[in-house]
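A short worksheet on the structure shown next.
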Ligand SMILES: Cc1ncc(COP(=O)(O)O)c(C=O)c1O
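Numbering (our numbering), first residue to last: 122 to 514.
This is the structure:
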């Protein structure tokens, strides 16, 4: 098993968006890159081996998905989360965002309303707005640098034009791993108002310590029947470039419409590499993942301690899951525009600006800690030096 998470791998000029799009995104390419959510670690060896074996044949024709593909996935969820996924409701999709967009397009009409809980993964806004549906915000409530759901606000915003709530479970960017109780309460409100939940659970495997990921649809039969779940091995195993994910539809007619749409768009097959990689991940990737989580947690702890000791102007949350931390930078005393400029042009780090995730993210930055410790340390040193030079003076 390859578990050397300290190994620095140069990804520049290797078609990595995280590096090759720095100039495009931030206007310069000399940054410590800690933005888009993929990892600077090699994926698990069984995955790499499966891809190499597949490549060695040298024929890359259309793929046929064997039963064992879905079986590996359903066994993973049974083994790790005691969740029985009905295979007849499960379907492949090339990406979670693709699924979200098709669901919004096919199962709502222009003008219908969709709720998201901001600050949140910004493509949630795009799939609603770009499909010409109305975005309704149910902002999370901040309590001592941690976040909870605002159920009262949610109740107040419910009306008959609301068709879906898009849930992020666990939540990007604030790192909450929602508890069963929190999810149950949310689910009850949605059931009461006839609002279906689309639960994006792409970060479900990335959970720390004693926190427990609860698949929303696994809570009860009623919630199962009211939920479309989007899942993927791509974040867990760092294989986002292979483009493969899953969706689970409780309703047969919705499943059929979704499947037909994939056919119309001609995206119903896996590519030949995702086919073997995803199956290998779910069958043989567990030990690697367990080691990865230990490393990520130690990076999270390092980040927190580093900021507390050296950059007290920046307060980090303590994410319960995801490899993304949410930095409260209000202590720097900068406007939002200046904060972004400071990180790019003074500290020379590439981070996601908090305001990309909604109004509530103003004064915040999101940092991706899924990189070797030396890189994380370099990024933090850069910020510390810039704070000394430009903020404390
Ligand atoms: C919450 C969430 N959903 C979806 C995605 C992207 O999924 P995909 O690449 O399958 O579209 C990300 C990537 O960062 C994410 O954080």
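Backbone N, C-alpha and C fix where the C-beta goes; we use that ideal spot for every residue, glycine too. Here the structure is a predicted model, which means the values were calculated and not measured.
With a contact defined as Cβ atoms closer than 8 Å, residue 505 and residue 438 miss out at about 19 Å. Taking each of 452, 361, 475 and 461 in turn and checking the Cα distance to residue 162, the smallest one comes out for 361.
Residue pairing from DSSP places residue 447 in a beta bridge opposite 487. A check of alpha carbon separations from residue 421 across 402, 413, 181 and 444 identifies 444 as the nearest. Judged by DSSP in its simplified three-state form, residue 129 adopts coil rather than helix or strand. Annotation: the stretch 182-230 contains the following complete segments of the alpha helix (DSSP H) (minimum length 4 residues), in chain order: 188-202 and 217-228. Within the same chain, and ignoring the five residues on either side of residue 257 in sequence, the residues whose Cβ sits closer than 8 Å to its Cβ are 234, 235, 236, 237, 278 and 283. With 16 or more other Cβ atoms inside 10 Å of its own Cβ, residue 318 counts as buried.
Bounds of the beta strand (DSSP E) holding residue 255 are 255-258.
Judged by their CB atoms, residue 478 and residue 248 are not nearer to each other than the 7 Å cut-off. When DSSP states are grouped into helix, strand and coil, residue 377 belongs to the helix group. At a cut-off of 6 Å, the beta-carbon of residue 293 counts as near ligand 1: some heavy atom of the ligand is closer than that. The Cβ atoms of residue 363 and residue 337 do not sit closer than 7 Å to each other. A check of alpha carbon separations from residue 230 across 447, 254, 127 and 222 identifies 254 as the nearest. By the neighbour-count definition (other C-beta atoms within 10 Å, threshold 16), residue 385 is an exposed residue. Here residue 469 has 151, 152, 153 and 503 as same chain residues with Cβ atoms under 7 Å from its own Cβ, once five neighbours each way along the sequence are excluded.
Comparing C-alpha distances from residue 467 to each of 459, 474 and 271 shows the shortest one belongs to 459. DSSP places residue 353 outside both helix and strand once states are collapsed to three, so it counts as coil. The beta carbon of residue 359 lies closer than 7 Å to those of 159, 160, 162 and 164 in the same chain, with the five residues before and after it left out.
Taking a 10 Å sphere around the C-beta of residue 127, we find fewer than 16 other C-beta atoms and assign the residue as exposed. If you compare the alpha carbons of 500, 509, 487 and 493 with that of residue 156, the shortest gap goes to 487.
Annotation: residue 341 to residue 309 spans about 11 Å, alpha carbon to alpha carbon. A direct Cα-Cα distance of roughly 17 Å separates residue 491 from residue 143. The DSSP assignment places complete alpha helix (DSSP H) segments of no fewer than 4 residues inside the stretch 275-342 at 301-313, in order along the chain.
Per DSSP, reduced to three states, the secondary structure at residue 165 is coil, with no helix or strand assignment.
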